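**Student:** First the structure, then my questions, so here it is.
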Amino acid sequence: MKNAVDIGGILPGPSLEKNKYQKRCEEMVRLEKKLEESEQTDLVDYEKIVASKEFQNMLSDKKKFVIPFTIFFMGYSLLLPFLVFYTDILDHPLIGDITWAWVYGVSITVMSVWVCSIYVRKSERIDEQIKEIIEKEGL
Numbered sequence: 000m001k002n003a004v005d006i007g008g009i010l011p012g013p014s015l016e017k018n019k020y021q022k023r024c025e026e027m028v029r030l031e032k033k034l035e036e037s038e039q040t041d042l043v044d045y046e047k048i049v050a051s052k053e054f055q056n057m058l059s060d061k062k063k064f065v066i067p068f069t070i071f072f073m074g075y076s077l078l079l080p081f082l083v084f085y086t087d088i089l090d091h092p093l094i095g096d097i098t099w100a101w102v103y104g105v106s107i108t109v110m111s112v113w114v115c116s117i118y119v120r121k122s123e124r125i126d127e128q129i130k131e132i133i134e135k136e137g138l
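Per the working numbering, residue 0 is the first one in the sequence shown, and the count goes up by one each step.
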């Protein structure tokens with residue numbers, strides 16, 4: 000009985016399958032080595048970036064903005080229920096049937112828009128600082 004490879008290569012024989020398999024394995028090994036080499040050259044030293052003075056300044060600027068504005072926003076927002084439930088200050092009319100509670104409630108919306116607009120401007124500055132850090136590190 001003849002081997003399938005000997006019959007004109009119509010059916011793959013054991014030697015032909017082994018040859019294809021070896022070629023595929025060699026190609027996979029070559030690709031894995033190439034991938035490992037590219038990963039080693041593309042490594043980013045995040046610890047160096049975090050330890051840099053520019054990054055620390057950016058974090059400091061961000062904290063100096065976020066913490067006070069968060070405290071202000073939360074305090075201003077939570078003051079309304081406190082004043083409504085525990086005092087009668089907001090019950091007094093300002094003009095006609097409009098009480099100070101309505102004025103304070105509407106002012107929360109105005110304050111929210113104001114804080115958001117300041118945040119957008121500050122975040123643009125922080126984004127610029129981040130871009131400078133990225134460019135400095137060559138990323």
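Glycine residues also receive a C-beta, built at the ideal position from the N, C-alpha and C atoms. From a predicted model like this one, the values you see are computed outputs, not experimental measurements.
1. Is the segment 100-113 touching the segment 76-89 in the sense that three or more CB pairs, one from each, lie closer than 8 Å?
2. Could you pull out every residue in the same chain whose Cβ sits closer than 8 Å to the Cβ of Phe68, ignoring the five residues on either side in sequence?
3. Whole-angstrom Cβ separation of Glu136 and Ile48, contact assumed at under 8 Å?
4. Which ranges does the alpha helix (DSSP H) cover as unbroken runs of at least 4 residues, wholly within the segment 60-138, from first to last along the chain?
5. Straight-line CA distance for Lys121 to Ser51?
6. Tell me which same chain residues have a C-beta within less than 6 Å of the C-beta of Tyr75, skipping the five on either side of it?
7. Exposed or buried, what is Gly8 when buried is set at 16 or more other beta-carbons lying within 10 Å of its beta-carbon?
8. Using the Cβ count rule (16 or more neighbours within 10 Å means buried), how would you classify Met57?
9. Nearer than 7 Å: is that true of the beta carbon of Lys61 relative to any heavy atom of the ligand PLP?
10. Please check the pair Ile132 and Glu53, which I expect to be a contact at CB under 8 Å, by giving their CB distance rounded to whole angstroms.
11. Using CA coordinates, which residue listed in Cys24, Gln128, Phe72 and Asp96 is at the minimum distance from Ser106?
12. Do Asp60 and Ile125 have their C-beta atoms closer together than 8 Å?
13. Please return the same chain residues whose Cβ sits closer than 6 Å to the Cβ of Pro141, not counting the five positions on each side in sequence.
**Tutor:** Taking the geometry as given:
1. Yes, the segment 76-89 is in contact with the segment 100-113.
2. Against the sequence shown, residue 68 aligns to sequence position 69. The residues Val114, Ile117 and Tyr118, in chain order, have a CB closer than 8 Å to that of Phe68 in the same chain once the five nearest residues on each side in sequence are set aside.
3. For the purposes of this step, residue 136 is identified with residue 137 of the sequence shown, where counting begins at 1. For the purposes of this step, residue 48 is identified with residue 49 of the sequence shown, where counting begins at 1. About 6 Å separates the Cβ atoms of Glu136 and Ile48, confirming a contact at the 8 Å cut-off.
4. Listed in chain order, they are 99-136.
5. In the sequence shown, residue 121 corresponds to position 122, counting from 1. In the sequence shown, residue 51 corresponds to position 52, counting from 1. A direct Cα-Cα distance of roughly 21 Å separates Lys121 from Ser51.
6. For the purposes of this step, residue 75 is identified with residue 76 of the sequence shown, where counting begins at 1. Within the same chain, Cβ atoms closer than 6 Å to the Cβ of Tyr75 are found at Met110, the five residues on either side in sequence being excluded.
7. Position 9 of the sequence shown, counting from 1, holds the residue named residue 8. Confidence at Gly8 is low in this model, with a pLDDT of 49, below 50, so its placement is unreliable and the value that follows should be read with caution. Classification for Gly8: exposed.
8. Working through the sequence shown from its first residue, we reach residue 57 at position 58. Buried, because 16 or more other Cβ atoms sit within 10 Å of the Cβ of Met57.
9. In the structure on display, the ligand PLP does not appear, and there are no ligands present to speak of.
10. As a working note, residue 132 is residue 133 in the sequence shown. As a working note, residue 53 is residue 54 in the sequence shown. Right, the Cβ-Cβ distance comes to about 5 Å (below 8 Å), so this counts as a contact.
11. Within the sequence shown, numbered from 1, the residue matching residue 106 stands at position 107. Of Cys24, Gln128, Phe72 and Asp96, the residue nearest in Cα terms is Phe72.
12. Position 61 of the sequence shown, counting from 1, holds the residue named residue 60. Position 126 of the sequence shown, counting from 1, holds the residue named residue 125. Cβ atoms of Asp60 and Ile125: closer than 8 Å.
13. The requested residue 141 is not part of the displayed model; the chain covers only 0 to 138.
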